[in-house]
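Reviewing the structure listed below.
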Amino acid sequence: DDAVAKHFVALSTNKEKVTAFGIDSANMFGFWDWVGGRYSLWSAIGLSICLSIGFENFEQLLDGAHYMDNHFKSEPLEKNAPVILALLGIWYSNFYNAETHALLPYDQYLHRFAAYFQQGDMESNGKFVTKSGKNAAYSTGPIVWGEPGTNGQHAFYQLIHQGTRLIPCDFIAPAQTHNPIAGGKHHKILLSNFLAQTEALMMGKTAEQAKAELEKAGVCGNELENLLPHKVFVGNRPTNSIVVKKVSPFTLGALI
């Protein structure tokens with residue numbers, strides 16, 4: 086017990102239980118009991134982040150979040166990014182019956198962003214009653230999912246482009262990379278994929294365009310007629326393109 090008291094610290098809202106466990110309450114990092122788990126990284130729970138990336142970087146994470154908080158509080162609605170994203174979410178969930186929302190980051194450092202953000206969105210909105218306790222007569226939130234960039238392109242983008250379900254997507258990319266390969270060519274190719282996917286989802290591909298491509302590839306006759314319906318993309322699939330200058334503690338804090 087003496088060793089625990091001397092060598093352990095606690096992150097808690099409950100001083101009595103920390104003491105009962107054997108940890109000196111003087112070594113307790115406290116925070117408010119109303120802080121939900123999905124928001125707790127901004128509080129003392131962020132100690133593990135501090136230990137991993139350093140307190141200066143942790144403060145930059147907080148600065149990014151504070152910047153976005155101020156943007157949310159001060160910008161007019163038509164220029165307010167969080168408000169616009171929220172309204173789009175309501176629009177597609179309740180008026181287009183979209184059941185899911187894909188987060189698609191084009192940077193390996195954000196490869197777990199969608200998985201992380203599942204809690205931020207679905208734990209917040211995963212209720213069937215309103216604050217007053219009455220049943221909600223509308224969709225209260227989508228299923229959030231996603232994978233990084235080109236990994237998803239070879240897995241589920243087919244469904245987003247040509248499937249029968251409408252899947253709104255947020256494409257996220259940094260303009261600059263931390264790891265330039267081949268003089269930055271690799272990142273330019275990655276961004277080309279980012280832009281091409283959003284353009285294709287918006288524009289689609291008509292039967293005439295698909296037919297011209299098949300004919301150029303030497304396909305003709307019955308083979309062309311059989312393949313043609315499978316090469317058509319309807320388009321008009323909703324996406325947002327979110328670009329940050331570079332992945333950093335500040336931009337990550339703002340994104341979250």
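Its first residue numbered 86, the sequence shown is counted upward by one per residue in this note's numbering.
Built from N, CA and C at the ideal position, the CB exists for glycine as well.
Is the stretch 299 to 306 in contact with the stretch 268 to 281, if contact means three or more CB pairs nearer than 8 Å? no
Report the residue from Leu-340, Pro-334 and Arg-197 whose alpha carbon sits nearest the alpha carbon of Cys-135. Within the sequence shown, the letter at position 50 stands for residue 135. Checked all of Leu-340, Pro-334 and Arg-197; the closest Cα to Cys-135 is Pro-334.
Using alpha carbons as the reference points, say which of Gln-243, His-92, Leu-173 and Lys-331 lies closest to Val-319. Counting from one through the sequence shown, the residue named residue 319 turns up at place 234. Nearest option by C-alpha distance: Gln-243.
The stretch 198 to 211 contacting the stretch 245 to 252, beta-carbon criterion three pairs below 8 Å: no
Same chain, Cβ closer than 7 Å to Ser-110, five either side skipped, listed in chain order: By one-based count along the sequence shown, residue 110 stands at place 25. Within the same chain, Ser-110 has close Cβ partners Lys-100, Val-103 and Thr-104.
If Met-113 and Ala-95 are in contact, beta carbons under 8 Å, what's the gap, nearest whole angstrom? Locating residue 113 in the sequence shown gives position 28, where the first residue counts as 1. Locating residue 95 in the sequence shown gives position 10, where the first residue counts as 1. About 5 Å; that satisfies the 8 Å criterion.
Taking the alpha-carbon of Ala-260 as reference, which of Val-332, Tyr-124 and Leu-147 has the nearest alpha-carbon? Along the sequence shown, read from residue 1 onward, the residue named residue 260 stands at position 175. If we check each option's Cα against that of Ala-260, Val-332 comes out closest.
Are three or more beta carbon pairs between the stretch 229 to 236 and the stretch 178 to 193 nearer than 8 Å? yes
Pull up the DSSP beta-bridge partners for Ile-130, would you. One-based indexing of the sequence shown puts residue 130 at position 45. Paired residues: none, contrary to the question.
So the beta strand (DSSP E) Ile-228 belongs to, where does it begin and stop? Taking the first residue of the sequence shown as 1, we reach residue 228 at position 143. Taken as a continuous stretch (DSSP letters only), the beta strand (DSSP E) holding Ile-228 covers 228 to 230.
Phe-256 lies in the alpha helix (DSSP H); which residues open and close that run? Taking the first residue of the sequence shown as position 1, residue 256 is located at position 171. No alpha helix (DSSP H) holds Phe-256; the beta strand (DSSP E) holding it covers 254 to 261.
Arg-192 burial status per 10 Å Cβ neighbour count (16 or more: buried): Within the sequence shown, the letter at position 107 stands for residue 192. First, the amino acid is wrong: residue 192 is Asp here, not Arg. The residue is buried, with at least 16 neighbouring Cβ atoms inside 10 Å.
What does the alpha-carbon distance come out to for the pair Leu-127 and Tyr-152? Within the sequence shown, residue 127 is the residue found at index 42, counting from 1. Within the sequence shown, residue 152 is the residue found at index 67, counting from 1. A small fix is needed here, since residue 127 is Trp in this sequence, not Leu. Each residue's Cα considered, the two are about 13 Å apart.
Residue(s) in a DSSP beta bridge with Phe-318: Your numbering for residue 318 matches position 233 in the sequence shown. Looking at the DSSP assignment, Phe-318 forms a beta bridge with Lys-290.
Quick one, which of Gly-268, Pro-167 and Asp-118 has its alpha-carbon nearest Ala-339's? As a first step, residue 339 must be located in the sequence shown, where it is residue number 254. Ranking Gly-268, Pro-167 and Asp-118 by Cα distance to Ala-339 puts Pro-167 first.
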